[in-house]
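J.: The numbers in full-length UniProt numbering rise by one with no breaks, and the one at position 118 of the sequence shown is 118. Just so it is clear, CB atoms sit at the ideal spot from N, CA and C, and this is done for glycine as well. Quantities reported herein were computed from a predicted structural model and do not represent experimental measurements. Sending over a structure as structure tokens; questions will come in a sec.
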Amino acid sequence: MSSSFGTNMLQMRSVEETMNAGKKWTIEEDIKLLEEFTENKTYEEIALEHKRTANSIQLRVISHIIYPKIKNDVETDMGKVALEYNIGAEKLLYNINKLKMKATENKEKPSKKPIQKSKHDEEPTNKQIFEYLKQLDNKINEINSKLDNLEYLR
């Protein structure tokens with residue numbers, strides 16, 4: 001991430017109309033989004049209600065309304081879907097493919113197995129220690145990444 005991302009996010013959050021930009025969506029917001037979408041409100045109108053950007057509303061519609069409907073249907077006419085939801089076809093295809101790739105990656109990830117105790121139930125093996133250290137390193141990297149993101153948002 002670049003510092004411009006953090007700067008842009010701070011600028012958007014300092015404006016009343018987009019003060020929720022980049023923040024986690026709540027269940028209540030998702031329910032409200034569905035209601036507003038069925039009322040045929042524009043993305044701009046919905047964005048003002050949620051204090052987010054029109055782009056983030058479109059991305060939420062793609063990920064939480066369109067994708068669940070079409071993820072298992074290979075015959076879907078994306079042109080029709082783009083027209084129906086008033087989203088650019090290129091944007092729709094890009095984000096649907098991104099979601100499909102993410103779903104595939106999640107399926108292919110090996111499940112985390114708990115570290116088994118050694119036969120004697122005393123000293124862990126070198127392999128177990130190594131696996132534990134790798135897990136710790138991954139957690140530390142995850143925490144550092146989150147701390148970096150927080151620094152950008154300050």
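If contacts are defined as beta-carbon pairs under 8 Å, then Lys-32 and Lys-71 qualify, I think. What distance do you get, rounded to the angstrom?
T.: The residue you call residue 32 lines up with position 32 of the sequence shown. The residue you call residue 71 lines up with position 71 of the sequence shown. Actually they are not in contact, since the Cβ atoms of Lys-32 and Lys-71 sit about 24 Å apart, beyond 8 Å.
J.: Which runs of the alpha helix (DSSP H) spanning at least 4 residues fall entirely within the stretch 39-101, listed in chain order?
T.: Qualifying alpha helix (DSSP H) stretches, in chain order: 43-50, 54-61, 67-70, 78-85.
J.: Please confirm whether Ile-96 and Gln-58 have their CB atoms less than 8 Å apart.
T.: Within the sequence shown, numbered from 1, the residue matching residue 96 stands at position 96. Within the sequence shown, numbered from 1, the residue matching residue 58 stands at position 58. Cβ distance not < 8 Å, so Ile-96 and Gln-58 don't count as in contact.
J.: In three-state terms, what does DSSP make of Thr-26?
T.: Here residue 26 refers to the residue found at position 26 when the sequence shown is read from its first residue. In this structure, Thr-26 counts as coil in the three-state DSSP scheme.
J.: Report yes or no: do three or more beta-carbon pairs, one from the stretch 67-82 and one from the stretch 40-58, lie closer than 8 Å?
T.: Contact fails: fewer than three Cβ-Cβ distances are below 8 Å.
J.: Taking 7 Å as the limit between beta carbons, can you name the residues of its chain near Thr-76, skipping five residues before and five after?
T.: For the purposes of this step, residue 76 is taken as residue 76 along the sequence shown, with counting starting at 1. Same-chain partners within the cutoff: Ile-70.
J.: Should Ser-145 be labelled buried (16 or more other beta-carbon atoms within 10 Å of its own) or exposed?
T.: Here residue 145 refers to the residue found at position 145 when the sequence shown is read from its first residue. So Ser-145 ends up on the exposed side.
J.: Alpha carbon to alpha carbon, how far is Glu-16 from Leu-48?
T.: By one-based count along the sequence shown, residue 16 stands at place 16. By one-based count along the sequence shown, residue 48 stands at place 48. Approximately 9 Å between the Cα atoms of the pair.
J.: Using the rule of at least 16 other Cβ atoms within 10 Å of the residue's Cβ for burial, across every protein chain shown, is Leu-92 buried or exposed?
T.: On the sequence shown, position 92 is the one that residue 92 refers to. That one is buried.
J.: If we cut at 8 Å on Cβ distances, does Leu-48 have a partner in chain C?
T.: Included in the structure is just one protein chain, with no chain C present.
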